[in-house]
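Data block below; observations after.
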Amino acid sequence: MDRQESSKLNNYGVAAARPLINIVFSWSLEDVLNAHLYRNQVTKIPDTFSTVTSYMKSFIPSLVEETHADLLSSMMNLSQAPTLEILTVKTSKNHGPPKDLFYDVTCVGTYVPQVGDLIALTDIKPKCVDHLNGPRISYLIAYVHRSRDSNLSILSSKHIDTGRYTHIKSKTDTLFAVYLLNMTTAVRVWKALNSKGANTSLTKNLLQPQANSSQGRNSCSICFDNEKCYLSATFHAMCSDLNDSQKAAVLNCISLSKCNHRNTIKLIWGPPGTGKTKTVGMSLFAMVKLKCRTLTCAPTNIAVLEVTARVLRLVNQSLDYGKYGLGDIILFGNEQRMKIDDHDDLVDVFLDYRTKILAECFAPLSGWKHRLASMIDLLEDPKEKYAAYLREKRRRHNEGEEGDNTRMTMLKGVIMSLINGRNSTSDDDNDLMTFEEFVKEKFDSIGECLKICMVNLYTHLPTSCMSIKVVKDMITALDLLNSCKCLFDEVGFSNERMKLVCILRSLRSFSVPILTDEKEIGNFCLENACLICCTVSSSSKLYTKGMKPVEILMVDEAAQLKECESLIPLQLPGLRHAILIGDQRQLPAMVKSKISEKAVFGRSLFERLVQLGHEKLLLNVQYRMHPWISLFPNREFYNHRLQDGSNVNKKSYDKCFLSGKMYGCYSFINIANGKEEFDRGSSQKNMAEVAVVYEIVASLYREFTCTKKKVSVGVISPYKAQVDAIQARVRKYSANSGTSDFALSVRSVDGFQGGEEDVIIISTVRCNENGSVGFLSNRQRANVMLTRARYCLWILGNEPTLVKSESIWKKVIVDAKKRKCFYNAEEDKDLSQALAPALVDSSSFREVDPAEFLSKPLSSLSLTGEPQTSSSSYR
1 MDRQESSKLN NYGVAAARPL INIVFSWSLE DVLNAHLYRN QVTKIPDTFS TVTSYMKSFI
61 PSLVEETHAD LLSSMMNLSQ APTLEILTVK TSKNHGPPKD LFYDVTCVGT YVPQVGDLIA
121 LTDIKPKCVD HLNGPRISYL IAYVHRSRDS NLSILSSKHI DTGRYTHIKS KTDTLFAVYL
181 LNMTTAVRVW KALNSKGANT SLTKNLLQPQ ANSSQGRNSC SICFDNEKCY LSATFHAMCS
241 DLNDSQKAAV LNCISLSKCN HRNTIKLIWG PPGTGKTKTV GMSLFAMVKL KCRTLTCAPT
301 NIAVLEVTAR VLRLVNQSLD YGKYGLGDII LFGNEQRMKI DDHDDLVDVF LDYRTKILAE
361 CFAPLSGWKH RLASMIDLLE DPKEKYAAYL REKRRRHNEG EEGDNTRMTM LKGVIMSLIN
421 GRNSTSDDDN DLMTFEEFVK EKFDSIGECL KICMVNLYTH LPTSCMSIKV VKDMITALDL
481 LNSCKCLFDE VGFSNERMKL VCILRSLRSF SVPILTDEKE IGNFCLENAC LICCTVSSSS
541 KLYTKGMKPV EILMVDEAAQ LKECESLIPL QLPGLRHAIL IGDQRQLPAM VKSKISEKAV
601 FGRSLFERLV QLGHEKLLLN VQYRMHPWIS LFPNREFYNH RLQDGSNVNK KSYDKCFLSG
661 KMYGCYSFIN IANGKEEFDR GSSQKNMAEV AVVYEIVASL YREFTCTKKK VSVGVISPYK
721 AQVDAIQARV RKYSANSGTS DFALSVRSVD GFQGGEEDVI IISTVRCNEN GSVGFLSNRQ
781 RANVMLTRAR YCLWILGNEP TLVKSESIWK KVIVDAKKRK CFYNAEEDKD LSQALAPALV
841 DSSSFREVDP AEFLSKPLSS LSLTGEPQTS SSSYR
């Protein structure tokens, strides 16, 4: 690719990732549907590496295979894919066959394409894969690289006959765009793996086990001790509610802020409920106070929002002058996916919002400079401003009523009265304001805009761009603007006015950047911020030319990231240190391809470094689970290394939400006669367990309505079909969530990672004779499920199946029996009644209320479960 061609592609943002896009474009429909296409090309990713180059290349085959698996998966759900109708297709100005097939497209529909979307162009709305090979268009896909309203710019895999689609009018020439998948993260990973001239100061430390075991902790004793001394007074005050392990973690992070002696990677191990987010928040707060330029990332938008909210609360508590200081913090990402409108506490630091605010402040004809000058001019010579107002009135009057001499005489009289020091007008003049009215109206309008501008400037500008003296002068000016508001006709006004004029004149020396483009303003904010918060994938936007280097990277939930994803921020220019926070014993990253899974493509950098013996600092006090709940996971997953916090050991932590021993703080409830079955897809469900979950939730709600005791309930199942079935069954109780003190959430294991509720109900689903439990046996998934509850954890499952599985769940049952926490569902009258209808073939009967079912005589049912009467009440 020559330089000119590369430059052209860069304008379209696809140059660096073009090889990956070309690979996807090269697949025929038959290739896409071939699940074994790369079976012989993907090899296991090693544990150690000899060079940075071999390290980067090791991920590429698995990345391609995972992209292929994503596309194959989307093909299986094509009938449900979002679709747009295309109105016009035109070649773009950079269209250059045979490879650069760029087109400009206009479309209409509810689906809003995003940059990075891979779409299929078809003749008809596809109901199945075969429809992608239509009579006029055979399998044609395109990559969306620009999207604005209904206008798209796409890179197509094949030539499009634009003559046919310049103005689509005929029904026979219809054209549709069908969403397949979003390639943004894959594209960004590809760029990271193939970057030339990237910062490898940290990646060099990832290849082999570190010879010096202290690499994971106090890598530089000089810097550590100096910083410890420097922060001794303030650090202990702000960390007074942290335990020893949390303080050690924060202090280790702080020690990096002044360390230029070596490049360091630190691991902080945060098991469930140990205050990981709190520790991260306090560490980042310290970085902001030290003015150390830091990037904090997480795998998901939810995790990023949580960390940002935590550090923002700490920062807000420490502000001395309004919101001065928030400009040092930036959160950025996709506004819709982050649902930023639902987070009022984060709007002030969200980049898109900030750029719009600052664009108004920077505007030369209406922003800070203009507002300040207008107020100074008004205060210094209000009579001249009033005279100008009257002259303008006279000019407009002349244009409208040139022959009205009476009116002209009146206006001249007003001006002469003003010049002679009299502030009155003719009684006949109802259109003109008096001098007092004019000045007050101008002062209010200009003053209001000026006040808003000043508050916005010291809220959103980084502190490096605005001194504390300027902020103090602005706050003084704000006070004077408020106090002067009603003093125009009082004796004291002149003194107040002169004081205000003096302050405003001093503010003339403060100038805002000469920037009008919102993208430039956004880059300006990013370049001058102390703390930047975004997802790991979005951190690729910091590879902007001229961007000020980031010194420290902090990755939360690092064990949930594929290692190659971590490389996106790890190669940022100037980066010296990285801090990875996570727990390799909880859920790893999701991998769709079985081939990539065997190649350990889903393994995190955190996990691999732990395997290589990299030292990690453990947060060892858990504050979430009742001790009876934490007992098993602490022993099984953390080798008794966790302590229960003082809060969970208090008697007040013993909470009873339902009567009966079965509903104590910890229990296994055996569902003896359930049945696992496949839904329409490949996921499984167990309607007996659905019935038991429903009855427990209903009982909890009935108890809540009586006691009004606030309670949050979470239902977890590893199978999507079971989640869907439970959600459908308990919908009426879910509807109460958020509108009262009764909250109910039904989610998958992945959806509950990082979450917690007062009561957790686990539905394990599996029930068969051979003890087959599939991915339920995964220890990391089990760990997540068993550590979400605060006060009560109730596990539903089939004892024979789980015991035969020889998995972690056998240990759960053995432990429950040993602790006398094992119960049979039939022992409870309400559960027994709830189970009765569910044990009948669910394919023959609709779900009914237990009382309704039991009220029917057995004679009305056949041995096959079909009603013998003509009634269809059970169907």
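The UniProt record's numbering puts the first residue of the sequence shown at 1, with every later residue one more than the last. Note that beta-carbon positions come from the ideal geometry of N, C-alpha and C, so glycine has one too.
Report buried or exposed for residue i, applying the criterion of at least 16 other Cβ atoms within 10 angstroms of its Cβ.
i, result
"K708", "exposed"
"N316", "exposed"
"A373", "exposed"
"L319", "exposed"
"K651", "exposed"
"F678", "exposed"
"F59", "buried"
"A328", "For the sequence presented, residue 328 should be read as Asp rather than Ala. Buried is the call here."
"Y321", "exposed"
"G197", "exposed"
"A728", "exposed"
"H261", "exposed"
"V288", "buried"
"N495", "exposed"
"F435", "buried"
"Q208", "exposed"
"K616", "buried"
"P271", "buried"
"K820", "exposed"
"D556", "buried"
"C656", "exposed"
"C128", "exposed"
"H626", "buried"
"M76", "exposed"
"D117", "buried"
Bridge partners for residue i per DSSP, in chain order?
i, result
"L618", "W269"
"Q643", "V621"
"R18", "In DSSP, R18 forms no bridge with anything."
"S717", "S748"
"L155", "F102, Y143"
"W628", "BP columns for W628 are empty, so no partner."
Report all residues from its chain with a CB closer than 6 Å to the CB of residue i; omit the five preceding and five following residues, and keep chain order.
i, result
"L793", "I629, Y666, I760"
"S748", "V723"
"V311", "G281, L284, F285"
"E695", "D830, L831, A834"
"S539", "C297, I568, P569"
"A81", "V178, Y179"
"R635", "none"
"T705", "none"
"C453", "C361, W368, R371"
"Q560", "P299, A589"
"F123", "One point to set straight first is that residue 123 is Asp, not Phe, in the sequence displayed. If we look at D123 and ignore the five residues flanking it on each side, its Cβ neighbours are G134, R136, I137."
Can you name, in chain order, every residue of its own chain whose Cβ lies under 8 Å from the Cβ of residue i, other than the five neighbours on each side?
i, result
"S366", "E360"
"V600", "K44, I45"
"A248", "L617"
"A721", "F678, D679, G681, S683, Q684, K685"
"Y823", "K661, M662, S667, F668, I669, N670"
Rounded C-beta distance between residue i and residue j? I'm assuming under 8 Å.
i, j, result
"L378", "F443", "6 Å"
"T294", "C530", "7 Å"
"L101", "H145", "Between H145 and L101 the Cβ distance is about 12 Å, and since that is not below 8 Å, they are no contact."
"R781", "L587", "6 Å"
"A35", "L63", "Not quite, the Cβ-Cβ distance comes to about 17 Å (not below 8 Å), so this is no contact."
Note down, in chain order, each residue of its chain lying with its Cβ closer than 7 Å to the Cβ of residue i, except the 5 sequence neighbours on either side.
i, result
"S28", "Y139"
"F524", "P513, L515"
"M785", "I716, V749, I762"
"I376", "V501, L504, R505"
"E65", "Y38, V42, S593, I595, S596"
"C465", "N528"
Point to revise | Every unbroken alpha helix (DSSP H) inside the region 732-790 [4 residues or more] | key: Considered as a whole, the region 732-790 harbours 749-752, 779-786 as its complete alpha helix (DSSP H) runs of no fewer than 4 residues, in chain order.
**Study point:** Length-filtered (3 minimum) beta strand (DSSP E) runs lying within the region 52-133
**Key:** Taking only runs of at least 3 residues, the beta strand (DSSP E) segments lying wholly in the region 52-133 are 83-91, 102-108, 117-122.
Review point. What residue ranges within the region 663-695 form continuous beta strand (DSSP E) runs of no fewer than 3 residues, ordered along the chain?
Key: You should have 666-670, 676-678, 684-686.
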